[in-house]
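Each remark here refers to the structure printed beneath this line.
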Amino acid sequence: MSRNALILLAAGGSLAMLLGAFGFQYIGGLAPCQLCLWQRWPHAAAVLIGLLALWLGSRALPYLGSLAALTTAGIGVFHVGVEQKWWEGLASCTAGSISGLSGADLLNPDVIVAAPVRCDEIAWQLLGISMAGYNVLISLALALIWLAGPRLPAPWQARNRASPGSRAPIFQQWFAA
């Protein structure tokens, strides 16, 4: 597998994680908590880093992609710990904010104050693993894929080593073994 194929795989994995999160939110009706939202940002950064790495061909950018994947995995580990009650969560995850509401608003039954989504409650799980847990596992795998990328030659370097007159399309060279 070439460097670009690994970059596509890693960035595509982060894109799939984002699409899955949005699917659970907008199709499945599972509102995200604050930590869930924080876990999305490094995935978005990894997708952008992947696009830049493919465009620029830099060997340094996959390391940034790995850092993004490790960042979301770290947030995920914290989130799993909060879900499992191993440690305290953030105040923004467990209590609603009433700032901006007057005393009259709080007493008025027509004013709806939305309850925050709690970070310490597991909204969904599969095989005993929560979404935050799956984010940790998948993000660690993506970090390893990102780290493997710089060790492989870029497609144009592989092409230069190919037999003279080889005119295989660049797309085929990206995915060549």
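Numbering of the sequence shown is given in our numbering, commencing with residue 6 and proceeding in unit increments. A virtual CB, placed ideally from N, CA and C, is assigned to each residue, including glycine.
So, do the segment 122-137 and the segment 50-58 have three or more beta carbon pairs nearer to each other than 8 Å? no
According to the neighbour-count rule (16 or more other Cβ atoms, all chains shown, within 10 Å of its Cβ), is residue 184 buried or exposed? With the chain covering 6 to 182 only, the question about residue 184 has no answer from this structure.
Measuring alpha carbon to alpha carbon, tell me which residue in 90, 69, 92 is nearest residue 49. Position 44 of the sequence shown, counted from the start, is the residue given in the question as residue 49. It is 69 whose Cα lies nearest to the Cα of residue 49.
Determine the burial state of residue 97: buried for a count of at least 16 other Cβ atoms within 10 Å of its Cβ, exposed for fewer. The sequence position of residue 97 within the sequence shown is 92, counting from 1. Its Cβ having fewer than 16 others within 10 Å, residue 97 is exposed.
Cβ separation of residue 33 and residue 143, assumed to be a contact under 8 Å, to the nearest whole Å: To locate residue 33, count along the sequence shown from 1; it is residue 28. To locate residue 143, count along the sequence shown from 1; it is residue 138. Between residue 143 and residue 33 the Cβ distance is about 18 Å, and since that is not below 8 Å, they are no contact.
Based on Cα-Cα distance, which residue from 58, 150, 124, 21 lies nearest to residue 37? Taking the first residue of the sequence shown as 1, we reach residue 37 at position 32. With distances taken between Cα atoms, residue 37 lies closest to 124.
Could you pull the DSSP bridge partners for residue 134 from this structure? Within the sequence shown, numbered from 1, the residue matching residue 134 stands at position 129. DSSP output for residue 134 lists 131 as bridge partner(s).
Return the chain-ordered list of same chain residues with a C-beta closer than 6 Å to the C-beta of residue 64, the five sequence neighbours on each side being excluded. Against the sequence shown, residue 64 aligns to sequence position 59. Once the five neighbours on either side are set aside, the close Cβ partners of residue 64 are 155.
DSSP state of residue 22 mapped onto helix, strand, coil: Numbered from 1 along the sequence shown, position 17 holds the residue referred to as residue 22. Three-state DSSP puts residue 22 in a helix.
Just the C-alpha distance for residue 94 and residue 130, rounded to the nearest angstrom, thanks. Here residue 94 corresponds to residue number 89 of the sequence shown, with the count starting at 1. Here residue 130 corresponds to residue number 125 of the sequence shown, with the count starting at 1. When rounded, the distance between both Cα atoms is 19 Å.
Rounded straight-line distance, which links the Cα of residue 10 to that of residue 75: Within the sequence shown, numbered from 1, the residue matching residue 75 stands at position 70. Within the sequence shown, numbered from 1, the residue matching residue 10 stands at position 5. Taking the straight line from one Cα to the other gives about 20 Å.
Could you check how far apart the C-beta atoms of residue 141 and residue 87 are, in whole angstroms? I think they sit under 8 Å. The residue labelled residue 141 in the question sits at position 136 within the sequence shown. The residue labelled residue 87 in the question sits at position 82 within the sequence shown. Not quite, the Cβ-Cβ distance comes to about 13 Å (not below 8 Å), so this is no contact.
For residue 151, collect the residues of the same chain with a Cβ closer than 7 Å to its Cβ; drop the 5 residues on either side in sequence, then sort them by chain order. Looking up residue 151 in the sequence shown gives position 146. Result list for residue 151: 15, 67, 70, 71, 74, in chain order.
Residue 165 burial status per 10 Å Cβ neighbour count (16 or more: buried): On the sequence shown, position 160 is the one that residue 165 refers to. Unreliable positioning characterises residue 165 in this predicted model, as indicated by a pLDDT of 49, which lies under 50. The coordinate reading is nonetheless provided below. When all chains shown are included, residue 165 counts as exposed.
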